[in-house]
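Worksheet: the structure to be examined is printed underneath.
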Amino acid sequence: MMTLATGYDPTSFESRLYAKWEASGVFQPSGQGEPYVILLPPPNVTGTLHMGHAFQQTLMDALVRYHRMRGFDTLWQVGTDHAGIATEMVVSRNLALEGKGETRDSLGRDAFIERVWEWKGQSGDTIERQMRRLGTSADWSRSVFTMDPMAAEAVVEAFVRLHEEGLIYRGQRLVNWDPVLKTAISDLEVVNEEEDGHLWSISYPLADGSGALTVATTRPETMLGDTALMVHPEDERYAHLVGQRVRLPLSEREIPVIADAYVDREFGTGVVKVTPAHDFNDYQVGVRHALPLINVLTADAKINDNAPAKYRGLDRYDARKAVLADLEAAGLLVETKPHKLQVPRGDRTGQVIEPWLTDQWFVKMDGLAKRGMELVEGADGKPGEVKFVPPNWINTYRHWMENIQDWCISRQLWWGHRIPAWYDEAGNIFVGRDEAEVRARHGLGADVALRQDPDVLETWFSSQLWPISTMGWPDEARMAERGFDRYVPSSVLVTGFDIIFFWVARMIMATDHLAGRVPFRDVYITGLVRDAHGQKMSKSKGNILDPLDLIDGISLDDLVAKRTTGLMQPKMAEKIGKATRKEFPDGIPAFGADALRFTIAALAGHGRDIKFDLGRAEGYKNFCNKLWNATRFVLMNTGDVGAVLDRDPESRPRGAPTGPEPATDAERWILARLADTAAEAERHFADYRFDLLSQALYEFAWNDFCDWFVELAKPALNGDDPEAAASTRHTLLFVLERLLRLLHPLIPFVTEELWQQVAPRLGIEGDTIMLQSYPRAADLPAADARAVADVEWLKAMVSALRRVRSELNVPPGKQVTLLLAGGNAGDRERMQRFASQVRFLNKVERIEFLGDGAEAPAAATAVVGDLKLLVPLEGLVDLDAERTRLDKELKRVAGEIAKCEAKLGNATFVQNAPAAVVDQERHRLADWTAQHQALQSQRAKL
59 MMTLATGYDP
69 TSFESRLYAK
79 WEASGVFQPS
89 GQGEPYVILL
99 PPPNVTGTLH
109 MGHAFQQTLM
119 DALVRYHRMR
129 GFDTLWQVGT
139 DHAGIATEMV
149 VSRNLALEGK
159 GETRDSLGRD
169 AFIERVWEWK
179 GQSGDTIERQ
189 MRRLGTSADW
199 SRSVFTMDPM
209 AAEAVVEAFV
219 RLHEEGLIYR
229 GQRLVNWDPV
239 LKTAISDLEV
249 VNEEEDGHLW
259 SISYPLADGS
269 GALTVATTRP
279 ETMLGDTALM
289 VHPEDERYAH
299 LVGQRVRLPL
309 SEREIPVIAD
319 AYVDREFGTG
329 VVKVTPAHDF
339 NDYQVGVRHA
349 LPLINVLTAD
359 AKINDNAPAK
369 YRGLDRYDAR
379 KAVLADLEAA
389 GLLVETKPHK
399 LQVPRGDRTG
409 QVIEPWLTDQ
419 WFVKMDGLAK
429 RGMELVEGAD
439 GKPGEVKFVP
449 PNWINTYRHW
459 MENIQDWCIS
469 RQLWWGHRIP
479 AWYDEAGNIF
489 VGRDEAEVRA
499 RHGLGADVAL
509 RQDPDVLETW
519 FSSQLWPIST
529 MGWPDEARMA
539 ERGFDRYVPS
549 SVLVTGFDII
559 FFWVARMIMA
569 TDHLAGRVPF
579 RDVYITGLVR
589 DAHGQKMSKS
599 KGNILDPLDL
609 IDGISLDDLV
619 AKRTTGLMQP
629 KMAEKIGKAT
639 RKEFPDGIPA
649 FGADALRFTI
659 AALAGHGRDI
669 KFDLGRAEGY
679 KNFCNKLWNA
689 TRFVLMNTGD
699 VGAVLDRDPE
709 SRPRGAPTGP
719 EPATDAERWI
729 LARLADTAAE
739 AERHFADYRF
749 DLLSQALYEF
759 AWNDFCDWFV
769 ELAKPALNGD
779 DPEAAASTRH
789 TLLFVLERLL
799 RLLHPLIPFV
809 TEELWQQVAP
819 RLGIEGDTIM
829 LQSYPRAADL
839 PAADARAVAD
849 VEWLKAMVSA
859 LRRVRSELNV
869 PPGKQVTLLL
879 AGGNAGDRER
889 MQRFASQVRF
899 LNKVERIEFL
909 GDGAEAPAAA
919 TAVVGDLKLL
929 VPLEGLVDLD
939 AERTRLDKEL
949 KRVAGEIAKC
959 EAKLGNATFV
969 QNAPAAVVDQ
979 ERHRLADWTA
989 QHQALQSQRA
999 KL
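Okay, structure coming up:
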């Protein structure tokens, strides 16, 4: 057995313990007990561990470890997502850095895909290695990559089945188009940012020459694709013009004036242009009114041949300048004014996204969405099968499902699951699991040339299959091997609110439709991790925290380099570097994985974002250190096994290892608190209240065990009663061992390291704390109500005396006299029983009850219930010197109070100063006033 180090140093054992755990196979399902399954939201294979990952994965790991200790058959199914767009960008960037002149296009599809697989093999598993450092107790042997053959087979099967059912179709519709990547992207990949722009008012002449209509637009180049002007049907100003035609400026076309309730009569002139091929709302109008769809942009956002000849080939922004110049020359540009607008940009390229009309593959969503709602909200008087925690997030789910649109699932990329569709020379489409199946099913001989669709499926299509593709679906033999029937549905999905639409809802619909099951029972929705000031973490703000930097520490120079590398603007890099040096002048110390995990759990309240403060991490590192030192104390005071254990099994308390009955009230009290804490832990785990869980465990560990029980144990350990000493040694070990189990799901490393030292003292066998049973109140010694009440009385007594000593500045080693007055027979009995503890814990030399009518000397006073505690001052402090000191301090504090009152009494200050400054001054006044009152009370005692 290793000797416990004198100081807590997480870097000395965390990696060692994890390697031992993983090698032992303890993370794999046991196959015994009730299944408990968690699916990891698959992070991008291109990614690294960030604070959002660390936050969610800590909570998942706590749940998995807890249920593993409860005897469940636990499976944490992990894996990574192929991240089509992100991966293509990473590999393309790497090609450019190699300097060989090779590009994605010059290599060609097959060679480029080979390069992607090479990159994946070399550095694509980075995030899974980093997850291990956090303590993730997942079954790595079952890890799935979404491009693995098993997962790829599920994707093809799902596509073919949905197509055969008429739920997948190909059609021309408007999509979000990235003109740099030249692919459609999802709404999730579009970031809308408020930017300064312009609003241009343009005159559209009526075809009959009787006047003109003025229209305002922020994208004048799209007018080349206008197919109508639109007014509200109840707008009397324009009712006579509905059905008439206007001349489209700069073009040879005439377009109609239509009426539609979509128009906001109060905005601008009440007349809007309709460009169905370049605006999502206009597209819906175009469908309703059967308007032509005229696309005027190419895939790289240049003007195409559908526009007048002079603009063809121009970049969209060059075309904008040309159009505005021509409008002004023609006298048709009525007004130009500044305008704030929401600009959609691709989150990968930062380029402005264009609504673009193109042929894509879609999934019909209305019927699937109706069923998806029933599975959550219930139907026919039955409750839903999927529960949201907190429950208010069902409103977000419902809103999207009720307003759902058909889903564009094709992407114009090379890396991903290629669409299983083939075309003949006539353009006919054939869908099948492979080309051989297509030819056989449709009787296409070898002489019929077929080409496969070049597009791939968007990443969310494969991600929606995660609950079943990871379990071997659709191959029945593989499903049996991976435990499909046992592990589907999973128990809980831990994820963020931002992907309820894009992933959670789609998994519910897909798993039900394809496998006839719900994918999970609970959906626990977390908030976002923000910085200590509540700001969203971003590179441009320079406030990103890397979980691994918090775990292992990082120097100031390395931190500055990390935060500024890659920033294109030197001034921004300088600003971020300066802010980093100010915030972290000494770098970031190594907090260890446990301190980070406990911080995350403590902040994980329901329904709110998380402000991550390094001060909290420092505090919880101190907590781990406190636990370490308390364990060293226990080990130093319990000797070997033989000195602690009573071999008679009949003498042990319920739920305890073989050992003596508790001999002291302090033991019975701590055992009762242990049972209460175990009950709280069980309740908070069930409710996903990790914040309350960590608070309960912290208070029991720090206050009840490390502070109070360790102190209360010392008189017994150092006393003359061998029975009390032996039972106290046993209870110290027993409660500490159970405390380590209670804490293990949150702080697994330090609890394992300490448990390896503690467990043998109790004769507990086992290789790891991870497989020990989690303490439950029903399995612990029954509470002794009398002992609990007595020890709470003792704690109040000790605390009151400590307060008096502190207020009088009595040196720690100086003995005092304690006089007692009032109280009842119970107080006298308790005082007699706890006299040795009071003397030991408060350095009390003499304890005496004052008789009725006896005059008390000058003394500092405290009260516990009806009992008055008197500490005589004579000989304890220099009364004259103490009075002088207190008078001087009272005068100083009174001066500070006067300053605050003067400021707050100044109306100009209160009205004109920032609210935060005024509030700060009010807080200062309250603090100084409280100090003054405390000093006056202390002065009165003298």
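Going by the working numbering, the sequence shown opens with residue 59, and the numbers climb by one from there.
Backbone N, C-alpha and C define an ideal beta-carbon position, used for all residues, glycine too.
Please classify residue i as buried or exposed, where buried requires at least 16 neighbouring CB atoms within 10 angstroms.
i	result
D910	exposed
E146	buried
P628	exposed
V694	Per the sequence shown, residue 694 should be read as Met rather than Val. Exposed, by the Cβ-count rule.
P1001	Lying outside 59 to 1000, the shown extent of the chain, residue 1001 is not represented and no answer is given.
P773	buried
S199	exposed
V1002	Only positions 59 to 1000 of the chain appear in the structure, and residue 1002 is not among them; the question remains open.
S150	buried
K100	The question names Lys, but residue 100 is Pro in the sequence shown. It counts as buried.
T942	exposed
V289	buried
G953	exposed
Below 7 Å CB to CB, which residues in the same chain sit around residue i once its five sequence neighbours on both sides are set aside?
i	result
F892	L852
T132	P87, Y94, V122, H125 and R126
F555	W451, T454 and I583
R731	F758 and D762
L372	K360, I361 and A380
F71	F807 and E811
Throw me the rounded Cβ distance for the residue i and residue j pair, which I believe falls under 8 Å.
i	j	result
I634	L625	7 Å
I243	G404	6 Å
A590	D671	4 Å
L515	A568	That belief does not hold up - the Cβ atoms of L515 and A568 are roughly 13 Å apart, past 8 Å.
V304	I313	6 Å
H336	P237	Not really, about 13 Å apart at Cβ, beyond 8 Å.
F578	L551	4 Å
L934	E906	Going by Cβ atoms, the distance from L934 to E906 rounds to 15 Å, so no, they are not a contact pair.
Can you name, in chain order, every residue of its own chain whose Cβ lies under 8 Å from the Cβ of residue i, other than the five neighbours on each side?
i	result
P366	L282, L308, S309 and E310
R690	L62 and T64
V699	With a pLDDT of 43 at V699, under the threshold of 50, the modelled position of this residue cannot be trusted; read the value that follows with caution. Same-chain partners within the cutoff: P818, R819, L820 and G821.
Going along the chain, which residues of its own chain have a beta-carbon closer than 6 Å to the beta-carbon of residue i, five neighbours each way excluded?
i	result
A107	The residue asked about is misnamed: residue 107 is Leu in this sequence, not Ala. Cβ within range, chain order: I185, Q188 and P605.
K901	Q873
F767	I728
Rounded to the nearest angstrom, what separates residue i and residue j at their Cα positions?
i	j	result
A736	R173	53 Å
L617	M630	16 Å
D848	D723	7 Å
A1002	W727	The first residue shown for the chain is 59 and the last is 1000, placing residue 1002 beyond what the model contains.
T454	I558	8 Å
D945	S752	44 Å
L829	E823	11 Å
L797	E92	25 Å
S181	S521	21 Å
K718	P780	Before going on, a small fix: residue 718 reads as Pro here, not Lys. C-alpha separation (whole angstroms): 12 Å.
N869	R860	In the sequence as presented, Asn is not what sits at residue 869; that position holds Pro. Roughly 11 Å separates the two Cα atoms.
I646	T194	23 Å
I226	V218	9 Å
N486	V506	12 Å
A620	D644	Correcting the residue type first, residue 620 is Lys in the shown sequence and not Ala. Rounded to the nearest angstrom, the two C-alpha atoms are 15 Å apart.
V489	L239	26 Å
L165	Q510	19 Å
E632	A659	35 Å
Runs of alpha helix (DSSP H) lying entirely within the region 666-703, each at least 4 residues, in chain order: The region 666-703 is shown to contain whole alpha helix (DSSP H) runs of 4 or more residues at 672-694 and 699-702, in chain order.
Completely contained beta strand (DSSP E) runs for the region 878-935, where each covers 3 or more residues: Correct list: 902-907, 917-922 and 925-930.
Inside the region 321-396 only - beta strand (DSSP E) runs reaching at least 3 residues: Runs of the beta strand (DSSP E) spanning 3 or more residues and lying entirely within the region 321-396 occur at 330-332, in chain order.
Complete runs of the alpha helix (DSSP H) confined to the region 503-532 [at least 4 residues]: Uninterrupted alpha helix (DSSP H) stretches at least 4 residues long and entirely within the region 503-532 occur at 517-521 and 524-527, given in chain order.
Ranges of the beta strand (DSSP E) found wholly within the region 460-485, counting only runs of at least 3: Those beta strand (DSSP E) runs which fall completely within the region 460-485 and span 3+ residues are 479-481.
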